[in-house]
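The structure appears below as structure tokens.
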Amino acid sequence: MSEFRVPVVLWGVASLQVVMALIASVADWPAQLSTDRTSPGGVVEWLVKGSAVSAPLVFIAGMVVTGAMAARRGALGMVGDGLAMPIAVILVVASLGESFAEGPVTAPRAVLIGSGVLGIMLALLIIGAVIHDVRLRRRSHA
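The opening position of the sequence shown corresponds to residue -6 in the working numbering, with each subsequent residue numbered one higher.
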């Protein structure tokens, strides 16, 4: 197991996003931000498009790839750590966008607010992992 935290955190967040997409598909919570707010047709489409509580597949794949990069030593690992920061920012922006989506909202407002809070907490977890890993990488080069 790697001593780096960014890969583990990003892969954990990506896994959580898949689980949340499945929950959203069962509960019928379509995305509220930048969509027509209609329910996707089929579980695969929920994963591809995202939902009120989960990211779209391209973002989830980005987390997995960035985590793989951050698991490496050297320059590639630093690039992975660096790319984790914009992922955290996008996670915050998207979470807040869902939380404050204008009406009419088709997902319950409490779900949207809870998703926003969770997104911010996950972003802080990513940022904390990046700080840890950058310090660890600098120490190993000193």
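C-beta atoms are modelled at their ideal positions from N, C-alpha and C, and glycine is treated no differently.
Since we're looking at a predicted model, the values are computed, not measured.
(request) Output the boundary residues of the alpha helix (DSSP H) element that contains Trp4. (result) Val(-1) to Ala20
(request) Could you spell out where the alpha helix (DSSP H) holding Ser133 opens and where it closes? (result) Arg102 to His134
(request) Look at the alpha carbon of Val123 and the alpha carbon of Met78, and state the distance between them as a whole number of angstroms. (result) 7 Å
(message) So, with DSSP's three-state summary, where would you put Ala81?
(response) helix
(request) With a threshold of 16 other CB atoms inside 10 Å of the CB of Arg131, please say whether the residue is buried or exposed. (result) exposed
(request) With a 10 Å radius around its C-beta and 16 neighbouring C-beta atoms as the bar for buried, classify Met62 as buried or exposed. (result) buried
(request) Determine the burial state of Pro0: buried for a count of at least 16 other Cβ atoms within 10 Å of its Cβ, exposed for fewer. (result) buried
(request) Decide if Glu91 is buried, meaning its Cβ has at least 16 other Cβ atoms within 10 Å, or exposed. (result) buried
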